[in-house]
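Working notes, beginning with the structure itself.
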Amino acid sequence: MINININKKLHGVEEDMQLDVILEIEKGDFVALSGKSGSGKTTLLRILAGLETTNGIIHVDNEIWLDTHKCKSIQKREIGFVFQDYALFENMSVLENLLYVKKELKLADHLLEVTELGEFRNRAVTTLSGGQKQRVALCRAMMKRPKILLLDEPLSALDPSMRLKLQNEILALHKEFGTTTIMVSHDPSEIYRLASRVIVLENGKIINDGKPKEVLLRTQGSQKFSFEGELLEIKKVDIIYIAIVAIGQQLVEIVISGDEAKDLKIGDLVNVSTKAFNGNLKKNQTT
Amino acid sequence: MNTIVAEVKEIKSVDNLNIVKFYFADTTLSMMSLELSERVKVGAKVKLITKPTHVAIAKKFTGEVSYSNQLDAKIIHVENGELLSSIKIQIWETTLESIITKDSSERMNLHVGDEVTVFIKANELSIVEVLDD
C-alpha cells in the first residue's frame, strides 16, 4: 500500500498552482495518471521517485519515504523509472546499461529475453531503434526489482504497432514482478488495456478517480457514443437540415429537424451522440 | 429532437444490459440500454429523447408488430417537402415529430386530426437527463 498526502506550490507557465494530492494505492495495482499537460502528473511521479522535494508524507508498505523529518534518498527508494526519452547510457552496450544498476547477469538475461532483446545484448545502445531503446530502459528499470514502477509517457514517441508490443511487455513484467505501477498516459486505448484504475489531475488536484471504463467512456445520458465537436454549417435540404460538425480531424454529417436547427448557430460547440445499439462496426481492410 | 418526460417504472438487467420501463401518458414505454447512471432508479423522472427519423406512424393499425413502444396519438401538423414529410403528433401534452417519406405520407393520406399509432423501437429511446423533483 502506498499512502501519499502531499502539497507543493508549482510555478506554471501561466500561473502558479498548488499540487494537492491525497491518494492511497493498493500494492500491485496498475494506475494510469491522466490529465492535461501542466496538471502536475510528472511532478507527482518525480516526487514519488525522490527527484523533487515537497511537504507532506509518503508511506510505502508502512515504510516512511517522506515526512517532516525524513526524505529517503533516490537510491534507497525501490523505484524503477522509465522516461519518454529513454535516458540510457549511450556509451554502453545494452547489457552494460542493465548491469550498471545491479550486477545480476541472470536477471538481466531474463529481462532481455522477455522483451525480445536477447540477440542485442552486446550491441551499443546508439545502434538501436526507438522501440528497442525504450525496452532497454524498461529492463533497466526492472533490474532493481522495484516496489514501484514509474512510467512517464513511455510509449508516446513510438509507432502504434511498437506501442502495442511494449504495452504487452510492460503488463507481463508488472505481473511477474508484482510491482505497483504508475503510468502517465494520455492514450485511452493504452489506459484501458493496461490500467485497473485511472486518476485524472487538473490544476494539481484529483478531479476523477475510477475504473478506466467508468472514467473514459464518453456518455451523454444513457447514450454511449458521444463526441464533442464544432458546428461548421447547417444546410436545409427539403424539410430537413444537415449539420456538418468537425470532430477531431474529421467532418461528420448529422440530420436534424427544423426545430433543432433553430437553436443552433455556426461555431457552436456541440455534442454528437447516439446509442451503443445504433453504430455500425466494420473491420478496416488496412489493419 | 423529440423529448418525452416519463417516470421509471421498472428496470430489468442482465450484466450491463438493461430494459427500462417508464410510465408515460396512459401507457408504458420501454428502452434498451447498456450501463445506466446511478440516478436512474424506479420512481425517477427522466427526460427521454428520440430522433424524428426514428418515429414511425401507422393508421388504422391492426395485428402485431415488434415495436415495443406503441402510442395512440393525433396529428396536429403536416408539412410536406418534395421528398420528405414532417408530421407533428400529440400524445396528451407531449408533441412529437416524425419524419417520413412524402410517398408514405401520401399513401397513408395523413392529415391534421387523424388518429394514428406512433411506433418507436426500444433501442431508439435514450435517457438524456434525470430530472430532480
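Protein chains in written order, with the working numbering: chain Y, 12 to 298; chain A, 9 to 141. Here a beta-carbon is modelled for each residue, glycine too, at the ideal position from N, C-alpha and C. All values reported here derive from a predicted model rather than from experimental measurement.
{"query": "Under a three-way DSSP split, which group does residue 41 (chain Y) fall into?", "result": "strand"}
{"query": "I want to know whether the stretch 151-169 of chain Y touches the stretch 95-112 of chain Y - three or more CB-CB distances under 8 Å.", "result": "yes"}
{"query": "Quick one: list the residues of chain A neighbouring residue 231 (chain Y), beta-carbon separation under 9 Å, in chain order.", "result": "134, 136"}
{"query": "What are the residues of the stretch 90-112 of chain A that lie near chain Y, defined by any Cβ-Cβ distance shorter than 9 Å?", "result": "90, 91, 92, 93, 94, 105, 107, 110"}
{"query": "According to DSSP, is residue 54 (chain Y) helix, strand or coil?", "result": "helix"}
{"query": "Output, in sequence order along the chain, the residues in the stretch 54-87 of chain A whose CB is closer than 7 Å to any CB in chain Y.", "result": "60, 61, 87"}
{"query": "Would you tell me roughly how many angstroms separate the C-alpha atoms of residue 145 (chain Y) and residue 129 (chain A), rounded to the nearest one?", "result": "51 Å"}
{"query": "When you compare the stretch 52-60 of chain Y with the stretch 110-129 of chain Y, are there three or more beta-carbon pairs, one atom per stretch, that lie closer than 8 Å?", "result": "no"}
{"query": "On the three-state DSSP scale, how would you describe residue 156 (chain Y)?", "result": "coil"}
{"query": "Output needed in chain order: residues of the stretch 254-278 of chain Y with a Cβ under 9 Å from some Cβ in chain A.", "result": "266, 267, 268, 269, 270, 271"}
{"query": "Can you give the beta carbon distance from residue 185 (chain Y) to residue 160 (chain Y), rounded, assuming they're within the 8 Å contact cut?", "result": "7 Å"}
{"query": "Rounded to whole angstroms, what's the CA-CA distance from residue 270 (chain Y) to residue 15 (chain A)? Just pull it up for me.", "result": "25 Å"}
{"query": "Does the stretch 229-240 of chain Y touch the stretch 74-82 of chain Y, meaning 3 or more C-beta pairs lie closer than 8 Å?", "result": "no"}
{"query": "Would a check of beta-carbon distances place residue 9 (chain A) closer than 9 Å to chain Y?", "result": "yes"}
{"query": "The stretch 115-127 of chain A: which residues have C-beta closer than 7 Å to a C-beta of chain Y, in chain order?", "result": "none"}
{"query": "With 16 other CB atoms within 10 Å as the buried threshold, where does residue 174 (chain Y) fall?", "result": "buried"}
{"query": "Give every residue of the same chain whose Cβ lies closer than 6 Å to the Cβ of residue 113 (chain A), excluding the five residues on either side of it in the sequence, and list them in chain order.", "result": "93"}
{"query": "Over the uninterrupted beta strand (DSSP E) stretch that includes residue 172 (chain Y), give me the two end residues.", "result": "From DSSP, residue 172 (chain Y) is part of no beta strand (DSSP E) but of the alpha helix (DSSP H) over 171-188."}
{"query": "Could you tell me if residue 111 (chain Y) is buried or exposed, where buried requires 16 or more neighbouring beta carbons within 10 angstroms of its beta carbon?", "result": "exposed"}
{"query": "Taking all protein chains shown into account, do 16 or more other C-beta atoms lie within 10 angstroms of the C-beta of residue 215 (chain Y), making it buried, or fewer, making it exposed?", "result": "buried"}
{"query": "In terms of DSSP beta bridges, what is residue 46 (chain Y) paired with?", "result": "Residue 46 (chain Y) is not bridged to any residue."}
{"query": "Would you call the stretch 62-69 of chain A in contact with the stretch 248-257 of chain Y, where contact means no fewer than 3 C-beta pairs closer than 8 Å?", "result": "no"}
{"query": "Do you know offhand how far residue 103 (chain Y)'s Cα is from residue 136 (chain Y)'s?", "result": "7 Å"}
{"query": "Taking the alpha carbon of residue 126 (chain A) as the point to measure from, which residue in A:83, A:23, A:79 has its own alpha carbon closest?", "result": "A:79"}
{"query": "Between residue 92 (chain Y) and chain A, is any beta-carbon pair separated by less than 9 Å?", "result": "no"}
{"query": "Could one say the Cβ of residue 44 (chain A) lies closer than 9 Å to chain Y's Cβ atoms, at least one of them?", "result": "yes"}
{"query": "Does the distance from the CB of residue 62 (chain Y) to the CB of residue 210 (chain Y) come in under 9 Å?", "result": "no"}
{"query": "Name the chain Y residues that come within less than 7 Å of residue 41 (chain A), Cβ to Cβ?", "result": "233"}
{"query": "Please report the residue range of the alpha helix (DSSP H) in which residue 270 (chain Y) lies.", "result": "269-273"}
{"query": "Can you tell which of A:30, A:22, A:34, A:89 has the C-alpha that lies nearest to the C-alpha of residue 48 (chain A)?", "result": "A:30"}
{"query": "In chain order, which alpha helix (DSSP H) runs of at least 4 residues are fully inside the stretch 55-136 of chain A?", "result": "110-115"}
{"query": "Three or more C-beta pairs closer than 8 Å, one from the stretch 12-28 of chain Y and one from the stretch 64-73 of chain Y: is that the case here?", "result": "yes"}
{"query": "Out of A:20, A:54, A:36, state which residue places its alpha-carbon closest to the alpha-carbon of residue 134 (chain A).", "result": "A:54"}
{"query": "Is there a Cβ from chain A that is less than 9 Å from the Cβ of residue 148 (chain Y)?", "result": "no"}
{"query": "Residues in the same chain with beta-carbon distance under 6 Å from residue 39 (chain A), minus the five sequence neighbours each way, listed in chain order, please.", "result": "28, 130, 133"}
{"query": "Taking only beta-carbon positions, decide if residue 48 (chain A) is within less than 9 Å of chain Y.", "result": "yes"}
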